[in-house]
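When you line the sequence shown up against this note's numbering, it's residues 892 to 1073, in that order. Glycine is no exception: its CB is placed at the ideal position from the N, C-alpha and C atoms. Notes for the one structure printed next.
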Amino acid sequence: MEEVTYQGLTFEPYIRREEIAKQVHRLAQEIKQDYEGKNPLFLCILNGAFIFASDLFRACDLHDAEISFIRFKSYDGMSSTGEVKQIMGLAEDITDRNILIVEDIIDSGITAAQLRKELAKHNPMSVKMVSLLFKPDALTVGEPPEYVGFEIPSKFILGYGLDLDGLARNLPDIFALKERKQ
Ligand code: IMP
Ligand code: MG
């Protein structure tokens, strides 16, 4: 597979689509077992998680699952701003609902921690999180997600929904920033 270039930076293949699909299906099996009969509400965090959420939601094959969307922004370019903006709020009443937050990646954990705090105010029955990717070394606040696809080192990645300033979300595979040779 070829390298890709965005904004003058080179990215190399990191996780191939077949490997992503395998983990999505593994997560879906676990989630199906845990949520069968519980009328879960999947809460997809826009924009990054939309591709993962659409694959996961279908793979879970839950008869009574619903999905909704909420929009946050914390990243500017290749680093977290440390400040999370809620751009689009929650449309559903989540009181007594079993909520499964669907994220693309947990980095500092700031977005996840803030969202969990917001949701708790509305008295849901339960709140868990599934993240396709998790950078454990970068976590500064909150708990790790309950369901994780891949644990990765703290490197900048894109593709499969993840972006660099809005670009590269449509790549079917995940790419990592190529380290410069010394
Ligand atoms: P956190 O609040 O620092 O955990 O950041 C979470 C958000 O930052 C994710 O939902 C992504 O949108 C974005 N993000 C974190 N790491 C990366 C990355 O390596 N590539 C692209 N976006 C990222
Ligand atoms: Mg995101």
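Proximity of proline 1036 and valine 1021 at Cβ, strictly below 8 Å: Reading the sequence shown from its first residue, position 145 is the one you call residue 1036. Reading the sequence shown from its first residue, position 130 is the one you call residue 1021. Going by C-beta atoms, proline 1036 is nearer than 8 Å to valine 1021.
Asparagine 1061 and asparagine 989 - do their beta-carbons sit closer together than 8 Å? Counted from its first residue, the sequence shown places residue 989 at position 98. Counted from its first residue, the sequence shown places residue 1061 at position 170. In this structure, asparagine 1061 does not lie closer than 8 Å to asparagine 989 by Cβ.
Between the stretch 920–930 and the stretch 893–905, do at least 3 Cβ pairs fall closer than 8 Å? no
How big is the Cα-Cα spacing for valine 993 and leucine 953? Against the sequence shown, residue 993 aligns to sequence position 102. Against the sequence shown, residue 953 aligns to sequence position 62. Their backbone Cα atoms lie some 15 Å apart in a straight line.
If you run the structure through DSSP and keep just helix, strand and coil, what is isoleucine 985? Looking up residue 985 in the sequence shown gives position 94. Isoleucine 985: coil per DSSP, three-state reduction.
By how many angstroms is the C-alpha of glycine 1052 removed from the C-alpha of isoleucine 906? Walking along the sequence shown from the start, residue 906 turns up at place 15. Walking along the sequence shown from the start, residue 1052 turns up at place 161. Going by C-alpha positions, isoleucine 906 is about 13 Å away from glycine 1052.
Straight-line CA distance for arginine 962 to asparagine 938? Along the sequence shown, read from residue 1 onward, the residue named residue 962 stands at position 71. Along the sequence shown, read from residue 1 onward, the residue named residue 938 stands at position 47. If I take the Cα positions, the gap works out to 7 Å.
Jot down the residue ranges of each uninterrupted beta strand (DSSP E) in the stretch 1004–1066, minimum 3 residues, whole runs only, in chain order. 1017–1025, 1038–1042
Determine, using beta-carbon pairs with one atom in the stretch 992–1008 and one in the stretch 1022–1029, whether at least three such pairs fall under 8 Å. yes
Using DSSP's beta-bridge definition, name the partner residues of isoleucine 911. Working through the sequence shown from its first residue, we reach residue 911 at position 20. DSSP output for isoleucine 911 lists no bridge partner at all.
Using the Cα positions of phenylalanine 941 and phenylalanine 948, report the straight-line distance between them to the nearest angstrom. Counting from 1 along the sequence shown, the entry for residue 941 is found at position 50. Counting from 1 along the sequence shown, the entry for residue 948 is found at position 57. Their Cα atoms are separated by approximately 10 Å.
Does DSSP put serine 999 in a helix, in a strand, or in coil? As a position in the sequence shown, residue 999 is number 108, starting the count at 1. Serine 999 falls in the coil class under three-state DSSP.
Please classify aspartate 946: is it buried, with 16 or more other beta-carbons within 10 angstroms of its beta-carbon, or exposed? Stepping through the sequence shown from its first residue, residue 946 is reached at position 55. Aspartate 946 is buried by the Cβ-count criterion.
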